[in-house]
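Peer 1: Just dropping this structure here.
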Amino acid sequence: MTLQNVYPWILRAQKEGWAVGAFNANTLEQVQAIVIAAQAEHAPAIIQVSRRALTYIGSDNEIQGLKYIAAIGKVAAESVTVPIALHLDHGTESEVLQAIALGFTSVMFDGDGLPFDKNLSITKRLCNTAHSLGICMEAEVGEVPKPDGKEYDESAIELTQPDEAAEFAKATDADTLAVALGSVHGLKAKTVSLDLDRLKEIRSRVTTPLVLHGSSGVSDKDIKQGVSMGLCKVNVATQLSQAFTGAVREVLRKNEELIDPRKYLVAARNAQIEIVRKRIRFLGASGKAK
Ligand code: G3H
Ligand code: 13P
Ligand code: ZN
109 MTLQNVYPWI LRAQKEGWAV GAFNANTLEQ VQAIVIAAQA EHAPAIIQVS RRALTYIGSD
169 NEIQGLKYIA AIGKVAAESV TVPIALHLDH GTESEVLQAI ALGFTSVMFD GDGLPFDKNL
229 SITKRLCNTA HSLGICMEAE VGEVPKPDGK EYDESAIELT QPDEAAEFAK ATDADTLAVA
289 LGSVHGLKAK TVSLDLDRLK EIRSRVTTPL VLHGSSGVSD KDIKQGVSMG LCKVNVATQL
349 SQAFTGAVRE VLRKNEELID PRKYLVAARN AQIEIVRKRI RFLGASGKAK
């Protein structure tokens, strides 16, 4: 299938109480693993790339990274019969516009470091452009921190205020809204609990489908509960890298003489297929590509 706008699937997930998995990719093998897993599970899925992934893929040239991934994402989506979207994760205004121009079917503007009004006005402008071209637009209210292995102050996290979420959703017409419920990007263990009362309050005031970032560090119990309460796009990055890199480490540890990259990358790709399949099943998306 050609790359799809998965917004209709997200709406369906919201209505039926499951979530579309959005999986971060940094390498060709990770992209392949996502679509192979989605096909095996008969599930819609989202391939997403962060700014740092684009910089890596484009050898320090982000635009080159966008071009590469737009081409790879297109081929990957066309290799399967389930709906696949290509999403820009945590973009700036100019990255969002570039991604739209290069064929991404979904984009996120990350205004979490901006004052509320500025985040709102840029999001509104980008929504107009995205919608005129049939592109799904995600925005963020509140902050899901990206400590990148450094210390962070849990008490300083700006959780999403329900009244701000309501105002933002109404004013911007964003298709999906990332909300901060206490999760943190990049955690290697599932130690975080979500503020589910806050989710309930937001959900009672906002009909826009809600997105969970930083899912790798959240307890599965809370993710499950959050999905049943209206989180209908769930982002997964760190768990995938753990599986991918873990497999490489294991193969190289067993054979220190190995030099053929295909021999360890095939193990990494297979490990990632398994974890993506597990997360798709966990989110209740298995069999939904009908
Ligand atoms: O939100 C972004 C994902 O956690 C991936 O982040 O590619 O910057 O490591 P990264
Ligand atoms: P994790 O790295 O915690 O899985 O978060 C993924 C994410 O939110 C990507 O936007
Ligand atoms: Zn994120």
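Under our numbering, read the sequence shown as residues 109 to 398, first letter to last. Where a beta carbon is used, it is the ideal one built from N, C-alpha and C, also for glycine.
Could you check where the alpha helix (DSSP H) with Q138 kicks off and where it finishes?
Peer 2: Unbroken alpha helix (DSSP H) run through Q138: 136-149.
Peer 1: Classify M109: buried if its beta carbon has 16 or more other beta carbons within 10 angstroms, exposed otherwise.
Peer 2: The residue is exposed, with fewer than 16 neighbouring Cβ atoms inside 10 Å.
Peer 1: Compute every distance between the C-beta of S263 and the non-hydrogen atoms of the ligand 13P, then say whether any falls below 8 Å.
Peer 2: Flag unset: Cβ of S263 not near the ligand 13P.
Peer 1: Could you have a look at G199 and say whether DSSP puts it in helix, strand or coil?
Peer 2: Correct three-state label for G199: strand.
Peer 1: Rounded to the nearest angstrom, what separates Y176 and A288 at their Cα positions?
Peer 2: Y176 and A288: Cα-Cα distance of roughly 31 Å.
Peer 1: Would L366 be called buried (16 or more neighbouring beta carbons within 10 Å of its own) or exposed?
Peer 2: Its Cβ having fewer than 16 others within 10 Å, L366 is exposed.
Peer 1: State the Cα-Cα distance for the pair A133 and I165, rounded to the nearest angstrom.
Peer 2: Approximately 10 Å, taken between the alpha carbons.
Peer 1: Look at the alpha carbon of Q401 and the alpha carbon of A161, and state the distance between them as a whole number of angstroms.
Peer 2: With the chain covering 109 to 398 only, the question about residue 401 has no answer from this structure.
Peer 1: Ignoring anything shorter than 4 residues, give me the alpha helix (DSSP H) runs that lie fully in the region 311-351, in order along the chain.
Peer 2: Entirely contained in the region 311-351, the alpha helix (DSSP H) runs reaching 4 residues are, in chain order, 328-336.
Peer 1: Compare the Cα-Cα distances from L228 to each of V319, P116, V249 and report the closest residue.
Peer 2: The option with the nearest alpha carbon to L228 is V249.
Peer 1: In angstroms, rounded to a whole number, what distance separates the CA positions of L174 and Q206?
Peer 2: Straight-line Cα distance between these residues: approximately 8 Å.
Peer 1: Using the DSSP secondary-structure output, state which residues sit across from A247 in a beta bridge.
Peer 2: In DSSP, A247 forms a bridge with L285.
Peer 1: For K298, which of E246, T231, G322 has the nearest alpha-carbon?
Peer 2: The option with the nearest alpha carbon to K298 is G322.
Peer 1: What does DSSP give as the partner residue(s) for I192 in the beta ladder?
Peer 2: Answer by DSSP bridge pairing, in chain order: A153.
Peer 1: What residues match up with G129 in a beta bridge as DSSP calls it?
Peer 2: G129 is bridged to A153, V342.
Peer 1: Beta-carbon within less than 7 Å of S187's beta-carbon, same chain only, minus the 5 sequence neighbours each way: which residues are those?
Peer 2: Taken in chain order, the residues that qualify are V143.
Peer 1: Is the distance from the Cβ of R387 to the Cβ of G129 below 9 Å?
Peer 2: Closer than 9 Å, so yes.
Peer 1: Could you give the distance in angstroms between the alpha-carbon of S394 and the alpha-carbon of D225?
Peer 2: Approximately 39 Å, taken between the alpha carbons.
Peer 1: Let me know the secondary structure DSSP gives F390 once reduced to three states.
Peer 2: In the structure shown, F390 sits in a helix (DSSP, three-state: H, G or I).
Peer 1: Between S158 and the ligand NAP, is there a pair consisting of the residue's CB and a ligand heavy atom that are separated by less than 8 Å?
Peer 2: Among the ligands in the structure shown, the ligand NAP does not appear; only the ligand G3H, the ligand 13P and the ligand ZN can be found there.
Peer 1: Mapping DSSP to helix, strand and coil, what is V215?
Peer 2: The answer is strand: DSSP assigns V215 an E or B state.
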